[in-house]
Amino acid sequence: MTTTAFDDHERSRWAGRATAYDRSFALLCAHPAAALLDAAAVDAGTRLLDVGTGSGTVAGLACARGARVVAVDAEPSMVDLARSRVPSADEVRLATLPQLPFDSGRFDAAVANFVINHVGDPAAAITELRRVVRSTGRIAVTTWPHPPPRAQRLWGEVFDAAGVDPPTTVPAVDTDRDFPRTADGLAGLLDAAGLDDVRCETITWVHRTDPEAWWSGPANGISRPGLLMETQPPAVIARIRASYDELTAAYRGADGLLALPTAALLASAAVP
Ligand SMILES: C[S@@+](CC[C@H](N)C(=O)[O-])C[C@H]1O[C@@H](n2cnc3c(N)ncnc32)[C@H](O)[C@@H]1O
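Residue numbers (the working numbering): 25 to 296.
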């Protein structure tokens, strides 16, 4: 199995960032969790693999349904946090797509919530999920669409307003390994892995979040905006913060929370 420059970049971006993720973007990523489990037909007794579990949101929800959950993540701080958050999981361990330490057909279902957008070879990742799920079991994944939804676009506008240029050399998935970040593109990725009954939908919602929580992700190095923020001197961070306050004002409700429209792609399929 090949590890790409993008995978190495991802390892360094998540290193030690479990708490920062948990306080910020984990709240955004939690929204499709129930729909993801439904799409993978997860119920009481389902042997489920949650890949890239992060702080354990999906694993915890699956345990609450009575599923028998194994959760893995490539980042040790995520494994530690998920293990403490989801004590009823059968196992929480370190493992990295596209090579999972499980026998073929061990699980009834596998899910990956906003993880295939963090792997250097998405097709190899889906093929590996297929391998560890038994015949007729289901796989379900989410990712962000392109063009980015409003909530995510806002960061670019904040940086523009603060006069900060995006980094010029950000590692990306090699073009020959990438797929279109659309419902058809994601469905095509699952189709190409030889899966059956491929379904893909776009989920839209409004992410309601404390402005400090939304700021704290990138301010602590989370996501692509975080990559830019961590190289800026304090004076520039102060400018970015001023633009952030100005541009998020339009999304602030009477309760002080931001209401940010967003969307995700959710795809699922059955193993032949
Ligand atoms: C956006 S977070 C999503 C976390 C979690 N699924 C959730 O819903 O909150 C992406 C997670 O995938 C993990 N990850 C990234 N690349 C991975 C890989 N190749 N194999 C396993 N986990 C990976 C990261 O460490 C991180 O915890």
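From the three backbone atoms N, C-alpha and C, an ideal C-beta is built for every residue, glycine too.
Whether residue i touches residue j by CB criterion (9 Å)
i, j, result
"arginine 117", "valine 103", "yes"
"alanine 287", "arginine 232", "no"
"alanine 294", "glycine 161", "yes"
"alanine 59", "alanine 133", "no"
"leucine 85", "isoleucine 163", "no"
"isoleucine 264", "valine 182", "yes"
"valine 222", "aspartate 145", "no"
"threonine 199", "leucine 289", "no"
"aspartate 67", "arginine 89", "yes"
"alanine 95", "proline 122", "no"
Nonlocal neighbours in the same chain, by C-beta distance under 6 Å from residue i, ignoring five residues either side
i, result
"histidine 55", "Trp229"
"aspartate 97", "Gly76, Thr77 and Val103"
"proline 296", "Asp220"
"tryptophan 179", "Pro249"
"leucine 153", "Ala134 and Ile163"
"phenylalanine 126", "Val156"
"glycine 129", "Arg158"
"threonine 320", "Within the shown structure, residues of the chain are numbered from 25 to 296, placing residue 320 beyond reach of any answer."
"aspartate 46", "Ser79"
Rounded separation between residue i and residue j - CA only
i, j, result
"glycine 69", "alanine 106", "20 Å"
"valine 143", "glycine 40", "18 Å"
"alanine 136", "valine 156", "13 Å"
"tyrosine 268", "phenylalanine 138", "25 Å"
"tryptophan 38", "cysteine 224", "28 Å"
"tryptophan 239", "serine 48", "8 Å"
"aspartate 62", "leucine 72", "12 Å"
"serine 79", "proline 100", "11 Å"
"alanine 42", "glycine 241", "11 Å"
"alanine 273", "leucine 124", "44 Å"
"leucine 251", "threonine 193", "11 Å"
"threonine 206", "leucine 52", "19 Å"
"arginine 177", "proline 285", "10 Å"
Neighbourhood of residue i by C-beta, 7 Å cutoff - its chain only, sequence neighbours within 5 removed
i, result
"cysteine 87", "Val93, Val110, Ser112 and Ala113"
"alanine 57", "Thr81, Val82, Leu85 and Asn137"
"proline 195", "Ala29, Phe30 and His33"
Exposed unless 16 or more other CB atoms sit within 10 angstroms - verdict on residue i
i, result
"leucine 173", "Per the sequence shown, residue 173 should be read as proline rather than leucine. Buried: at least 16 other Cβ atoms inside 10 Å."
"alanine 175", "buried"
"arginine 276", "exposed"
"glycine 24", "Coverage of the chain is limited to positions 25 through 296, which leaves residue 24 absent and any answer about it impossible."
"threonine 120", "buried"
"serine 159", "exposed"
"alanine 278", "exposed"
"aspartate 208", "exposed"
Cβ shell of residue i (< 8 Å), same chain only, five flanking positions each side left out
i, result
"alanine 147", "Arg201, Phe203, Leu213, Ala216 and Ala217"
"alanine 185", "Ser267, Glu270 and Leu271"
"threonine 255", "Pro191"
"alanine 50", "Gly78, Ser79 and Thr81"
Meets three-Cβ-pair contact criterion under 8 Å: the region 231-249 and the region 159-171: no
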